[in-house]
DNA sequence: AAAAAAACAAACAGGACTGATTAAAACAGG
DNA sequence: CCTGTTTTAATCAGTCCTGTTTGTTTTTTT
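Residue numbers (the working numbering), protein chains in the order written: chain C, 326 to 557; chain V, 326 to 557.
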């Protein structure tokens, strides 16, 4: 057929050469991807709770009937969109980490890793992910959707961090602690948009965090982790 | 009149002895308080986005018309409920801090303060507050409501912390850093319900945090704050 | 070329929600 | 007891949302 046939993305058509796939299947997969992209954009622009099937369809440039063909219920749309979001988050973090210059080594490299995570956390995708997690407290369907890929998600983050901080990955519990300290402090900070003197406080905490990370791995055993108080 | 007249709360009728206020005004104030209590309970039980005026009215045991009399729009109801929530949050934290035994001193006392904040953060009221803050990104009305009392809220938290850590309050930037490290790490942790090995990770981080707080105030100037890397 | 299947689109029905209106009950003051 | 005010309650209208049904167009299969 003489119409232009844009190549579908890998995520939508699996394990087949383009020439083996009918034009209809390609077109259908492209529609599906447009819908998922539109759903993510609606999460970002409207907030999760304001997203409706009509708005996603409009943003995707398809009719509601067409969208219902691909996702027979709103819940199935949300589920597919959340899985899609997970994929994009992983890709986003991996991309930011791979952008760190190979010439950077030692503390400068690790600081760049911390900053890459901060950029990741303050990006639209993670903001939306955080909103979904927050909304899931009172939305059992959403909670189940998020939980179903949470372990895979954490696994990938762990592997990325082990690659990024290769010199630290064999330090056992100390490594876990360092990753958690970074994660929770930065996620708490990123989530707190309503606060005074934000830039000053962000800068101070990023500096403090980088120093603590260096310390966690410099100190001897039962130092950063094991002791609870020093003699007064 | 011979009917039983329950005494209204101070929050609903201000600066007047009960005997100077008509029964009708007392009754109206009590209805208003019941509505606000019901709204907070709906935030907790249903999640902010699932709260409707019908549900709040039902939970309060009043009709929608009655509720509309007190709060002519849903926005006004939300605004009053958020201010009410702020008051309860302040009261909750103040109460938890005042429950710390006076006999506790030094690191044990400070550790108790950290744990009081953790209990505060994981309580229903703060969970709801966090959800409201998260939802406000895509809800300008809600954001304006929260911002209008954010400064007063932070002011009270700062005063509580200065009272709790009186021995540290004169340390300037170091004190601000310590409070922020505690706040953001714990808020990040409290907000992360979806994660594996939660209890183990919470325990480790709480211990680490207490140690860091002690360190921040023990080290000399340009130590915890100023340095970024140690000589490798 | 024709029939069948898939993708897409439009219309409809039912339910939920908010704000407004009207009515009833309770209260205050003379 | 009467009148006016306030509080409370019931009903209505309009809007929005989702899922279902029906119809149209495109593509695939025979």
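Don't be surprised by glycine CBs; every beta carbon is placed ideally from N, CA and C.
Quick caveat, the model's predicted, so the values are computed rather than measured.
Not flagged as an interface residue toward chain C: residue 451 of chain V, since no C-beta distance is shorter than 7 Å. Near chain V, meaning a CB-to-CB distance below 7 Å, the residues of the region 364-375 of chain C are 371, 372, 374 and 375. The count of Cβ pairs closer than 8 Å, one atom from the region 394-411 of chain C and one from the region 466-484 of chain C, reaches three, so the stretches are in contact.
As the crow flies, the alpha-carbon of residue 357 of chain V is around 20 Å from that of residue 371 of chain V.
The alpha-carbon of residue 522 of chain C is positioned some 22 Å away from that of residue 414 of chain V. A Cβ-Cβ distance of about 6 Å is found for the pair residue 360 of chain C and residue 392 of chain C, placing them in contact under the 8 Å criterion. Taking the CA atoms as reference points, residue 427 of chain C sits about 34 Å from residue 512 of chain V. Residue 444 of chain V places its beta carbon 7 Å or farther from that of residue 462 of chain V. In this structure, residue 537 of chain V and residue 537 of chain C form a Cβ contact; the two beta carbons are roughly 7 Å apart against a cut-off of 8 Å. Residue 455 of chain C reaches chain V at 459 and 516, counting residues in chain order whose Cβ is nearer than 8 Å. With respect to the C-alpha of residue 411 of chain C, the residue from C:489, C:368, C:383 and C:450 having the closest C-alpha is C:450.
One thing to note: residue 486 of chain V has its Cβ within 7 Å of the Cβ of residue 504 of chain V. Listed in chain order, the non-local C-beta contacts of residue 477 of chain V below 8 Å within the same chain comprise 411, local neighbours out to five positions each way being set aside.
As the crow flies, the alpha-carbon of residue 369 of chain V is around 11 Å from that of residue 457 of chain V. In the DSSP assignment, residue 447 of chain V falls within the unbroken alpha helix (DSSP H) covering 431-447. A direct Cα-Cα distance of roughly 16 Å separates residue 396 of chain C from residue 367 of chain C. Residues of chain C with a Cβ closer than 9 Å to the Cβ of residue 521 of chain V are, in chain order, 475, 476 and 479. Between residue 384 of chain V and residue 416 of chain V, the alpha-carbon positions lie close to 23 Å from each other. Counting only residues of its own chain and dropping the five nearest sequence neighbours on each side, residue 425 of chain C has a CB closer than 7 Å to the CB of 434, 437, 438 and 441. Burial state of residue 507 of chain V is buried, judged by a 10 Å Cβ sphere holding 16 or more other Cβ atoms. Excluding five sequence positions before and after residue 518 of chain V, none of the CB atoms of its chain fall closer than 8 Å to its own CB. DSSP, read as helix, strand or coil, puts residue 398 of chain V in coil. In the three-state reduction of the DSSP assignment, residue 366 of chain V falls in the helix class. Residues of the region 499-510 of chain V whose Cβ lies closer than 8 Å to any Cβ of chain C, in chain order: 501, 502, 505, 506, 508, 509 and 510.
Cα atoms of residue 430 of chain C and residue 490 of chain C: separation of roughly 10 Å, rounded to the nearest angstrom.
Annotation: the continuous alpha helix (DSSP H) that includes residue 536 of chain C extends over 523-543. C-alpha of residue 447 of chain V to C-alpha of residue 460 of chain C: approximately 16 Å in a straight line. Closer than 7 Å to the CB of residue 512 of chain V there is at least one CB belonging to chain C. Residue 382 of chain V carries a helical assignment under DSSP once its states are collapsed to helix, strand and coil.
DSSP, reduced to helix, strand and coil, places residue 346 of chain V outside both helices and strands of the structure shown, so it counts as coil.
The three-state secondary structure of residue 377 of chain V, taken from DSSP, is coil. Excluding the 5 residues flanking it on each side, residue 382 of chain C has same chain C-beta neighbours closer than 7 Å at 388, 389 and 392, in chain order. At least 7 Å separates the CB of residue 467 of chain V from every CB of chain C.
Using a Cβ distance threshold of 7 Å, residue 374 of chain C and residue 399 of chain C do not count as a contacting pair. In the three-state DSSP reduction, residue 407 of chain V falls in the helix class (H, G or I).
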